[in-house]
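A.B. asks: Under the UniProt record's numbering, the first residue of the sequence shown carries the number 1, and numbering increases by one thereafter.
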Amino acid sequence: MAAYGRAGSLAGWRRPKGAGQDGGVRRGGTTTRWRSQRGGTGAERGRDASGGCGGAGGRRGSMEDGERLLPKGFPKLKNDTFLRAARGEETEHTPVWCMRQAGRYLPEFRETRAAQDFFATCQSPKLCCELTLQPLRRFPLDAAIIFSDILVVPQALGMEVVMVPGKGPTFTEPLKEVEDLLKLRQKVDVTAELGYVFQAITLTRHSLEGRVPLIGFSGAPWTLMSYMIEGGGSTTMAKAKSWLYRHPEASHRLLRLLADVVTDYLVGQVAAGAQALQLFESHAGHLGPEQFQDFALPYIRDIAQGVKSKLKEEALPLVPMIIFAKDAHYALRDLAHAGYEVVGLDWTIRPQEARAQIGKDVTLQGNLDPCALYAPKEKIGELVKKMLEGFGTQRYIANLGHGLYPDMSPEHGTLCLVEDHHQCRCQSTWGRRATSIPSANPYLESQLQRHVEQCRVRVAISWSGDLERILSQLEDQGGGVDVLLDGLQHCA
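1) Does the separation of the CB atoms of A336 and L297 fall below 9 Å?
2) Hey, out of H206, H402 and V96, whose CA is closest to R328's CA?
3) Grouping DSSP H, G and I as helix and E and B as strand, with all else coil, what is G306?
4) Skipping 5 residues on each side, what residues in its chain have a beta carbon closer than 6 Å to that of A143?
5) Give me, in chain order, the residues of the same chain whose beta-carbon lies closer than 6 Å to that of G344; leave out the 5 immediate sequence neighbours on both sides.
6) Cβ atoms of V362 and I397: under 9 Å apart, would you say?
7) Mark K326 as exposed unless 16 or more other C-beta atoms lie within 10 angstroms of its C-beta, in which case mark it buried.
8) How big is the Cα-Cα spacing for A86 and A304?
9) In chain order, what are the residue ranges of uninterrupted alpha helix (DSSP H) at least 4 long that sit wholly in the stretch 225-281?
10) Reducing DSSP to helix, strand and coil, say where T41 ends up.
11) Measure the alpha-carbon distance for W347 versus I150 and round it to whole angstroms.
12) Going straight from the alpha carbon of E90 to that of Q394, what length do you get?
13) By how many angstroms is the C-alpha of K126 removed from the C-alpha of T204?
14) According to the Cβ coordinates, are A220 and E281 closer than 9 Å?
15) Could you check which residue in A276, Q101 and L332 has the C-alpha nearest to that of L316?
16) Is the CB-CB distance between P410 and L106 below 9 Å?
17) Short check: CB of V153 to CB of S218, under 9 Å?
18) Given K239, which residues of its chain have a CB within under 6 Å of its CB, disregarding the five upstream and five downstream residues?
19) Assuming L318 contacts L368 (C-beta within less than 8 Å), just tell me the rounded distance between them.
20) Does Y245 pass the burial test, meaning 16 or more other C-beta atoms within 10 Å, or should it be called exposed?
21) Just reading off the beta strand (DSSP E) that Y396 is part of, what are its end residues?
22) Could you name the residues that DSSP lists as bridge partners for I215?
23) Would you report the Cα separation of G288 and T235, rounded to the nearest angstrom?
24) Based on DSSP bridge pairs, tell me the residues matched to P169.
25) At the 9 Å Cβ level, is I397 part of the contact set with chain B, yes or no?
26) How about V197 and T263: are their beta carbons less than 9 Å apart?
27) Could you pull out every residue in the same chain whose Cβ sits closer than 6 Å to the Cβ of Q357, ignoring the five residues on either side in sequence?
28) Among residues of its own chain, excluding the 5 on either side of A272, which ones have a beta-carbon nearer than 7 Å to its beta-carbon?
29) Report the rounded CA-to-CA distance for Y340 versus H93, giving the unit in angstroms.
30) Among L182, P174, C122 and V384, which one has its Cα closest to the Cα of G195?
31) How big is the Cα-Cα spacing for Q278 and E179?
32) Give a yes or no on whether the C-beta atoms belonging to M159 and E173 are separated by under 9 Å.
33) Our contact map puts G232 next to P140 with C-beta atoms below 8 Å; I'd like the distance itself, whole angstroms only.
34) Report buried or exposed for C426, applying the criterion of at least 16 other Cβ atoms within 10 angstroms of its Cβ.
35) Where do the ends of the beta strand (DSSP E) carrying A336 lie?
36) Shortest alpha-carbon distance to G88 belongs to which of M387, G381, V261 and P320?
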């Protein structure tokens, strides 16, 4: 495993084209929610929620002496393009990151994970930091997302979850009857139970050295509830859905408990250093529109409202929030008004249709089919270009419609996605704008196109400006100067 620390944590890191904008992002100092400690209290009470060995040093979430960092004094952010796009501000290029970008498709990830149980890895801040940084050493991404798992929340409620090889996460005692709700902790101290996640976020923020923003995340209540009742993955979620029909009141009690814990958990992540938050309602597609309205959407809204309210109370940064409700295209209009700055999309809806439903006041994220990365390189390039053209250049974050799959090739699919994105994100905009403008001076337009294709400069083109003046600047300043006129960046 590659070593890292306060300095040199991204050895071999390639600066993304277009990076270098100083975001001036507000940083919160210490807060009463954050308490520096060695690991969670569960191990100290003799309960090992992971079902495996503890973290480094034999204690959950512990780190070696000298590596405990406080959530303050973070390095200045150099590339804030992702954050600006999330807030709806103008950007010089379309930011890109991938769900599950720190995952089993990376050989270094598999090597790092080989010696540890999965949830023991999640409880080690040092290992989580290392796994978070690995994709950034390979790809010019515009954001990092902390390595963790959504099922740490049920663990914090007192449930035991183990990772079974070939099967996935498994609850040793799933919820079967309404009475089982009494076994759950009704009050959760997220700092005590999930402090190892907060420590991982703080360590990673320092180790990123301001290269890109760090995203924190959690599962949404319905998705967590479905796992807790099914006992693991399921193709139908029939057991969990039966609760919604048979035990609606108990279902709402459980969903409310989960919403409250998730709210505190997300606020704690911001206190620890997270600069954006994503809520994963991964099992939304198992619900119909009415069930989604009754059992998912209210809690999604409450979490957004609760997080923002508590961030204000604790004088923490009001970070942008992303909601990703997979297969819930029927609820896009509702999600657009649920209190999130960004709505994530899967691949089951066209960009133009999504924009028409959501409007212009919310940023969209997505939505390339992950399986597209199995295609030949040329085809991947075509699909990326089509996606970028469909979403446009503003209020958009490029991503997949779901996470990367374990058998994908980092040298083929993932690298093609990122590199084709960097190549196409400007060229597609050139083509669209050029066709919408009368060709008043074909010579000047052809000369400007030649400069763009040769990538001699980084340039943003304002079609309302004077093409002759722009061309003159290009000729005079040559390939070493950035000409920034209208927020569209062509990467040198």
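Yeah, the Cβ is synthetic: ideal placement off N, Cα and C, and Gly gets one too.
C.D. replies: This is what the structure gives:
1) Counted from its first residue, the sequence shown places residue 336 at position 336. Counted from its first residue, the sequence shown places residue 297 at position 297. No. Outside cutoff.
2) For the purposes of this step, residue 328 is identified with residue 328 of the sequence shown, where counting begins at 1. Sequence inspection shows Ala at residue 328; the Arg mentioned does not correspond to that position. If we check each option's Cα against that of A328, H402 comes out closest.
3) One-based indexing of the sequence shown puts residue 306 at position 306. Three-state result, G306: helix.
4) What you label residue 143 is simply residue 143 of the sequence shown in a count that begins at 1. Excluding sequence positions up to five before and after A143, its CB lies within less than 6 Å of the CB of F82, W97, V212, P213 and I215, all in the same chain and listed in chain order.
5) Taking the first residue of the sequence shown as position 1, residue 344 is located at position 344. Cβ within range, chain order: I322, F324, Q365 and G366.
6) To locate residue 397, count along the sequence shown from 1; it is residue 397. To locate residue 362, count along the sequence shown from 1; it is residue 362. Cβ atoms of I397 and V362: not closer than 9 Å.
7) Taking the first residue of the sequence shown as 1, we reach residue 326 at position 326. K326 is buried by the Cβ-count criterion.
8) On the sequence shown, position 86 is the one that residue 86 refers to. On the sequence shown, position 304 is the one that residue 304 refers to. Separation of A86 and A304 (C-alpha to C-alpha, rounded to the nearest whole angstrom) is 15 Å.
9) The alpha helix (DSSP H) runs lying completely inside the stretch 225-281 and spanning 4 residues or more are 238-246 and 248-272, given in chain order.
10) For the purposes of this step, residue 41 is identified with residue 41 of the sequence shown, where counting begins at 1. Low confidence applies here, because T41 scores a pLDDT of 32, under 50, leaving its location unreliable and the question unanswered by this model.
11) The residue given as residue 347 occupies position 347 in the sequence shown. The residue given as residue 150 occupies position 150 in the sequence shown. Near 22 Å, if we compare the C-alpha coordinates of I150 and W347.
12) For the purposes of this step, residue 90 is identified with residue 90 of the sequence shown, where counting begins at 1. For the purposes of this step, residue 394 is identified with residue 394 of the sequence shown, where counting begins at 1. Taking C-alpha positions only, E90 is separated from Q394 by approximately 6 Å.
13) One-based indexing of the sequence shown puts residue 204 at position 204. One-based indexing of the sequence shown puts residue 126 at position 126. Taking the straight line joining both Cα atoms gives about 8 Å.
14) As a first step, residue 220 is located in the sequence shown; it is residue number 220 there, counting from the start. As a first step, residue 281 is located in the sequence shown; it is residue number 281 there, counting from the start. One thing to note: A220 has its Cβ within 9 Å of the Cβ of E281.
15) Here residue 316 refers to the residue found at position 316 of the sequence shown. For the residues A276, Q101 and L332, the minimum Cα distance to L316 belongs to A276.
16) By 1-based counting over the sequence shown, the position of residue 410 is 410. By 1-based counting over the sequence shown, the position of residue 106 is 106. For P410 and L106, yes; Cβs fall inside 9 Å.
17) Numbered from its first residue, the sequence shown carries residue 153 at position 153. Numbered from its first residue, the sequence shown carries residue 218 at position 218. It is a contact, given that the beta carbons lie within the stated cut-off.
18) Here the question's residue 239 lines up with position 239 in the sequence shown. So the list reads I229 and E230, once near-sequence residues are dropped.
19) For the purposes of this step, residue 318 is taken as the residue at position 318 of the sequence shown. For the purposes of this step, residue 368 is taken as the residue at position 368 of the sequence shown. In fact, because the Cβ distance is near 29 Å, the residues do not count as touching under 8 Å.
20) For the purposes of this step, residue 245 is identified with residue 245 of the sequence shown, where counting begins at 1. By the 10 Å Cβ count, Y245 comes out exposed.
21) The residue labelled residue 396 in the question sits at position 396 within the sequence shown. First-last of the beta strand (DSSP E) with Y396: Y396 to L400.
22) Position 215 of the sequence shown, counted from the start, is the residue given in the question as residue 215. Beta-bridge pairing links I215 to I145 and A276.
23) Indexing the sequence shown from 1 puts residue 288 at position 288. Indexing the sequence shown from 1 puts residue 235 at position 235. C-alpha separation (whole angstroms): 15 Å.
24) Position 169 of the sequence shown, counting from 1, holds the residue named residue 169. Partner(s): M163.
25) The structure shown contains no chain B, having only a single protein chain.
26) Indexing the sequence shown from 1 puts residue 197 at position 197. Indexing the sequence shown from 1 puts residue 263 at position 263. Their beta carbons are not under 9 Å apart, which means V197 does not touch T263 by this criterion.
27) If you number the sequence shown from 1, residue 357 lands on position 357. Scanning its chain for C-beta atoms nearer than 6 Å, with the 5 sequence neighbours on each side dropped, one finds around Q357 the residues L332 and R333, in chain order.
28) Here residue 272 refers to the residue found at position 272 when the sequence shown is read from its first residue. Within the same chain, Cβ atoms closer than 7 Å to the Cβ of A272 are found at W34, P71, F198, I201 and T202, the five residues on either side in sequence being excluded.
29) Along the sequence shown, one-based indexing puts residue 340 at 340. Along the sequence shown, one-based indexing puts residue 93 at 93. Straight-line spacing of the CA atoms in Y340 and H93 works out to 22 Å.
30) Locating residue 195 in the sequence shown gives position 195, counting from the first residue. Closest by alpha carbon: C122.
31) The residue you call residue 278 lines up with position 278 of the sequence shown. The residue you call residue 179 lines up with position 179 of the sequence shown. Distance between the alpha carbons of Q278 and E179: 32 Å.
32) Within the sequence shown, numbered from 1, the residue matching residue 159 stands at position 159. Within the sequence shown, numbered from 1, the residue matching residue 173 stands at position 173. Cβ atoms of M159 and E173: closer than 9 Å.
33) Position 232 of the sequence shown, counting from 1, holds the residue named residue 232. Position 140 of the sequence shown, counting from 1, holds the residue named residue 140. Their Cβ separation, rounded to whole angstroms, is 36 Å, which puts G232 and P140 out of contact at 8 Å.
34) Taking the first residue of the sequence shown as position 1, residue 426 is located at position 426. Low confidence applies to C426: its pLDDT is 45, below 50, so where it sits in the model is not reliable, and the reading given next is rough at best. With 16 or more other Cβ atoms within 10 Å, it is buried.
35) Here residue 336 corresponds to residue number 336 of the sequence shown, with the count starting at 1. Unbroken run through A336 is the alpha helix (DSSP H), L332 to A336; no beta strand (DSSP E).
36) Residue numbering aside, residue 88 sits at position 88 when the sequence shown is read from its first letter. Among M387, G381, V261 and P320, the Cα nearest to that of G88 is on P320.
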